[in-house]
Amino acid sequence: MEANNERVVLITGASRGIGVGLAEGFAVPGARLALTARRRTSLQETCRRVEALGAHALPLALDVRRLEDMPAVVDQVEAELGPIQVLVNNAGVNIPRPAEQVTEEQWDEILDANLKGAFFLTQEVGRRMIPRRRGTIVNVASAAGLVAREERAAYGSSKAGMIMLTRVLALEWARHGITVNAVAPTFVETDLAAQTLDRPGMREKILGQIPLRRLATVEDVAASVLFLASPQADFLTGVVVPVDGGATLR
Ligand SMILES: NC(=O)c1ccc[n+]([C@@H]2O[C@H](COP(=O)([O-])OP(=O)(O)OC[C@H]3O[C@@H](n4cnc5c(N)ncnc54)[C@H](OP(=O)(O)O)[C@@H]3O)[C@@H](O)[C@H]2O)c1
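Residue numbers for the sequence shown follow this note's numbering, beginning at 123 and rising by one.
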């Protein structure tokens, strides 16, 4: 694989949280980054940061639940930036609820964004990578896809599904020279985690469950994603890196 600075990278969910850190991590001079979120205007700050680091940013609106929009978005990325070499499926939502209270609408919102959206975007990009015989996909799963956590019936199922999807795609697409890997972070201080971390007593409880006694940072997650997308990881596929300070060891 060529040097990092010549790559075209598509990152979903780049408007906030981990996605901003991923964009900054990939933003070396010469890199061409396609950044997506539901609203194009929400990507302005990420684009500013990426361009300040010397990379080119292309902001695009994509709701990953709208499969019908994917071909045009991927077409636009490849027409403006060139063939996509790296896809990072980072867009995701959580609605923590006791299982007995989860509505069909909430279930669908979570599964459609986190699992169905990631699969069909990967399919859209993968169909173009296959004839080129190169490409790498990194999925942002979650420690909640590896171990059971309360109030995560839908979210945990979506992330466990994403982990199995990573393995199946790695197996199927190895013959095409495409690698597929995942990261599974524990709690990171973002809007998504605030719903849990900001409840009384929860932060202390969660820290007590992480052997290294701190939350993951956006930079911790970005470092593992960057590694999985780097030439140093060329022989890794189907791997799930737990970015969790040891939280899933027991
Ligand atoms: N924070 C954690 O503790 C943690 C731990 C493990 C894994 N993760 C995973 O890390 C990823 C990023 O999470 P985060 O913590 O950075 O969350 P966040 O701060 O809430 O950001 C979520 C990102 O996903 C985008 N998004 C949400 N729904 C979307 C949709 N339907 N279509 C397109 N984009 C959508 C959001 O963009 P817009 O709202 O602007 O469209 C935003 O850019 C998620 O997959 C999450 O499950 C997070």
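For each residue, glycine too, the CB sits at the ideal point set by N, CA and C.
- Ligand 1 has a heavy atom closer than 7 angstroms to the beta-carbon of Asp185.
- Each of Thr158, Asp234, Ala179, Tyr277 was checked against the Cα of Asn216, and the nearest Cα belongs to Tyr277.
- Closest in alpha carbon position to Gly139, among Val262, Arg255, Glu173, Glu227, is Val262.
- Counting C-beta pairs closer than 8 angstroms gives fewer than three between the segment 309-320 and the segment 239-247, which falls short of the contact rule.
- CA-CA distance, Lys238 to Asp230, rounds to 10 angstroms.
- Sorting Glu272, Ser264, Arg297, Ala145 by C-alpha distance to the C-alpha of Ala338 places Ser264 at the top.
- Setting aside the 5 residues that flank it on each side, Glu202 is surrounded in the same chain by Leu180, each with a C-beta closer than 7 angstroms to its C-beta; the list follows chain order.
- Asp320 is classed as exposed because its beta carbon has fewer than 16 other beta carbons within 10 Å across all chains shown.
- At least one heavy atom of ligand 1 sits closer than 7 angstroms to the Cβ of Phe309.
- Selection Glu128, Gly135, Phe148 evaluated against Glu341 yields Phe148 as nearest (Cα-Cα).
- For Thr312, the shortest C-beta to heavy atom distance toward ligand 1 is below 7 angstroms.
- The C-alpha of Glu272 lies about 18 angstroms from the C-alpha of Asn236.
- In this structure, Ala292 and Val302 form a Cβ contact; the two beta carbons are roughly 4 angstroms apart against a cut-off of 8 angstroms.
- The DSSP-derived three-state label of Val310 is strand.
- Per DSSP, Pro181 is not a residue of any alpha helix (DSSP H); the beta strand (DSSP E) it occupies stretches across 178-183.
- Cβ atoms of Gly257 and Met284 stay farther apart than 8 angstroms, at about 18 angstroms.
- The beta carbon of Val247 sits no closer than 7 angstroms to any heavy atom of ligand 1.
- Per DSSP, the continuous alpha helix (DSSP H) segment holding Gly239 begins and ends at 239-254.
- DSSP, read as helix, strand or coil, puts Leu175 in coil.
- Pairing Ser352 with Gln223, the inter-Cα distance amounts to about 42 angstroms.
- In this structure, DSSP gives Asn212 a state outside helix and strand, which the three-state scheme calls coil.
- In the DSSP assignment, Ala136 falls outside any alpha helix (DSSP H) and carries neither an H nor an E.
- Every alpha helix (DSSP H) of 4 residues or more that sits fully in the segment 313-372 is shown, in chain order, as 313-319, 324-330, 340-350.
- For the pair Val172 and Ala213, the CB atoms are not nearer than the 8 angstroms cut-off.
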